[in-house]
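**Q**
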Amino acid sequence: MSGFDCHTHTYLSNHGTGTVEEVVAAAERLGMQAVALTEHLPLPAEVDRDSCFAMREDDVSTYLHDVAEARDAHPGIEVICGVEIDWRWGAEDYILKRIAPFELRLGSVHMLTDEAGNSWEFDHPDYVGGWYERGVEKVWERYLELWLQALRSAVPFDVMAHADLPKKLGFKPQFDTRELYGTMAAAVASKGCMVEVNTSGLRKPVGEMYPAPALLKAFCDAGVPCTLGSDAHVPSDVGRDFDIACALLRSAGYTHATRPTRDGDRVPVPLEELASA
Ligand SMILES: [Zn+2]
Ligand SMILES: [Zn+2]
Numbered sequence: 024m025s026g027f028d029c030h031t032h033t034y035l036s037n038h039g040t041g042t043v044e045e046v047v048a049a050a051e052r053l054g055m056q057a058v059a060l061t062e063h064l065p066l067p068a069e070v071d072r073d074s075c076f077a078m079r080e081d082d083v084s085t086y087l088h089d090v091a092e093a094r095d096a097h098p099g100i101e102v103i104c105g106v107e108i109d110w111r112w113g114a115e116d117y118i119l120k121r122i123a124p125f126e127l128r129l130g131s132v133h134m135l136t137d138e139a140g141n142s143w144e145f146d147h148p149d150y151v152g153g154w155y156e157r158g159v160e161k162v163w164e165r166y167l168e169l170w171l172q173a174l175r176s177a178v179p180f181d182v183m184a185h186a187d188l189p190k191k192l193g194f195k196p197q198f199d200t201r202e203l204y205g206t207m208a209a210a211v212a213s214k215g216c217m218v219e220v221n222t223s224g225l226r227k228p229v230g231e232m233y234p235a236p237a238l239l240k241a242f243c244d245a246g247v248p249c250t251l252g253s254d255a256h257v258p259s260d261v262g263r264d265f266d267i268a269c270a271l272l273r274s275a276g277y278t279h280a281t282r283p284t285r286d287g288d289r290v291p292v293p294l295e296e297l298a299s300a
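Numbering-wise, my numbering puts 47 at position 24 of the sequence shown, and it's gapless, one number per residue.
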């Protein structure tokens, strides 16, 4: 009974299905001790041009209400009211004004943005052409720059989500990644932030979890705690492939996965306990 899933979505994301209640019920059926709802923080209209990347501003109160209601209905499981935050160029003030209600803050870079206000969703199949225009190495370089900028910002991220997301559509780094991975690990360690093994990559064109084994090893070597997330966008994906995630953690050198709590604690849970959950 010690399992947990720290990264889930609902229909309120505008690109998922299922309600908060259904996600919590799915986690409870799996015997989990905790589940975090981590809906996407609303984006400004000029960034979310298709109105499907994130929760709408006027849905936030529904989200908060639904999480509180599910918590009351399921006292046997800890229900964490989280949020997944898109880091964008210059978004620090925008984000800081909106995160007060949330108990767990995931940090993500889903789009390349710049000071001129341009944005490109590199992980979206409809915009895959941008990879050919820019070149794989340049995209990774720019991603790293934004990822490091997020960690240097005043936003109190608890977990950096899907750390090597740019590989999602299959564009893995073709260069020697030791420097990239070392830089990422050092930055996240100095922020005191966690990372996650995110199993959703198994269901994407890349066909592997985030992060890559060598990146996870770099995080482990740097002493960065690691949590577990399915990034479920349908309730049936809650906790999906966590046995494979635990095997990845073990092979990177981890003996525990870390379960965040509503009040900001971090509880190390031995991998043996999770494998039997
Ligand atoms: Zn994400
Ligand atoms: Zn997500």
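We put the CB at the ideal spot given by N, CA and C, even for glycine.
Give the DSSP bridge partners of residue 290, in chain order.
**A** In the sequence shown, residue 290 corresponds to position 267, counting from 1. According to DSSP, residue 290 bridges with 282.
**Q** Please report the residue range of the beta strand (DSSP E) in which residue 254 lies.
**A** Within the sequence shown, the letter at position 231 stands for residue 254. Here residue 254 belongs to no beta strand (DSSP E), and DSSP marks it neither H nor E.
**Q** What separation, rounded to the nearest whole angstrom, lies between the Cα atoms of residue 258 and residue 41?
**A** The sequence position of residue 258 within the sequence shown is 235, counting from 1. The sequence position of residue 41 within the sequence shown is 18, counting from 1. Taking the straight line from one Cα to the other gives about 6 Å.
**Q** Would you kindly check if the distance between the Cβ of residue 239 and the Cβ of residue 220 is under 8 Å?
**A** Residue mapping note: residue 220 aligns to position 197 of the sequence shown, counting from 1. Residue mapping note: residue 239 aligns to position 216 of the sequence shown, counting from 1. Cβ distance < 8 Å, so residue 220 and residue 239 count as in contact.
**Q** How many whole angstroms separate the CB atoms of residue 105 and residue 129, which I take to be in contact at a CB cut-off of 8 Å?
**A** The count along the sequence shown starts at 1 and reaches residue 105 at position 82. The count along the sequence shown starts at 1 and reaches residue 129 at position 106. That belief holds up - the Cβ atoms of residue 105 and residue 129 are roughly 7 Å apart, short of 8 Å.
**Q** Determine, for residue 105, whether the minimum Cβ-Cβ distance to residues of chain D falls below 8 Å.
**A** Absence of chain D from the displayed structure is noted, only one protein chain being present.
**Q** So does residue 61 have its beta carbon nearer than 7 Å to some heavy atom of ligand 2?
**A** As a working mapping, residue 61 is identified with position 38 in the sequence shown. Yes, since a heavy atom of ligand 2 falls inside the 7 Å radius drawn around the Cβ of residue 61.
**Q** Just checking residue 173 against ligand 2 - is the residue's beta carbon closer than 7 Å to any of the ligand's heavy atoms?
**A** Residue 173 sits at position 150 when you count from the first residue of the sequence shown. No; taking the cut-off as 7 Å, the Cβ of residue 173 has no heavy atom of ligand 2 nearer than that.
**Q** Inspect the beta-carbon positions of residue 154 and residue 194 and report whether they are closer than 8 Å.
**A** Translated into positions along the sequence shown, residue 154 becomes position 131. Translated into positions along the sequence shown, residue 194 becomes position 171. In this structure, residue 194 lies closer than 8 Å to residue 154 by Cβ.
**Q** Alpha carbon to alpha carbon, what distance is there between residue 226 and residue 89?
**A** Here residue 89 refers to the residue found at position 66 of the sequence shown. Here residue 226 refers to the residue found at position 203 of the sequence shown. One C-alpha to the other measures close to 27 Å.
**Q** Indicate the three-state DSSP secondary structure (helix, strand or coil) for residue 242 in the structure shown.
**A** Position 219 of the sequence shown holds residue 242. DSSP places residue 242 in helix when its eight states are reduced to three.
**Q** On the three-pair Cβ rule with 8 Å, is the stretch 137-146 touching the stretch 171-178?
**A** no
**Q** Taking residue 47 as the reference, which of 108, 26, 37 has the closest Cα?
**A** In the sequence shown, counting from the first residue as 1, residue 47 sits at position 24. Here the closest residue by C-alpha is 26.
**Q** Let me check you understand the geometry: is the CB of residue 30 closer than 7 Å to at least one non-hydrogen atom of ligand 3?
**A** Looking for ligand 3 in the displayed structure turns up nothing; the ligands present are ligand 1 and ligand 2.
**Q** Less than 8 Å between the beta carbons of residue 116 and residue 66, yes or no?
**A** For this step, residue 116 is matched to residue 93 along the sequence shown. For this step, residue 66 is matched to residue 43 along the sequence shown. When the beta-carbon positions are compared, residue 116 and residue 66 stay at least 8 Å from each other.
**Q** Determine which residues share a DSSP beta bridge with residue 233 and list them.
**A** One-based indexing of the sequence shown puts residue 233 at position 210. Note: residue 233 sits in a beta bridge opposite 221.
**Q** Pull up the distance between the alpha-carbon of residue 63 and that of residue 127, whole angstroms please.
**A** Mapped onto the sequence shown, residue 63 falls at position 40. Mapped onto the sequence shown, residue 127 falls at position 104. Distance between the alpha carbons of residue 63 and residue 127 is about 12 Å.
**Q** Grab me the residues of residue 165's own chain with a C-beta within less than 6 Å of its C-beta, minus the 5 sequence neighbours each way, in chain order.
**A** Here residue 165 is taken as the residue at index 142 of the sequence shown, counted from 1. Around residue 165: 135.
**Q** Run the proximity test for residue 107: is its beta-carbon closer than 7 Å to any non-hydrogen atom belonging to ligand 1?
**A** As a position in the sequence shown, residue 107 is number 84, starting the count at 1. Yes; taking the cut-off as 7 Å, the Cβ of residue 107 has a heavy atom of ligand 1 nearer than that.
**Q** How is residue 25 classed by DSSP in three states: helix, strand or coil?
**A** Residue numbering aside, residue 25 sits at position 2 when the sequence shown is read from its first letter. Residue 25: coil per DSSP, three-state reduction.
**Q** Would you list the residues sitting across from residue 109 in a DSSP beta bridge?
**A** Sequence index remark: in the sequence shown, residue 109 carries index 86 (1-based). 131.
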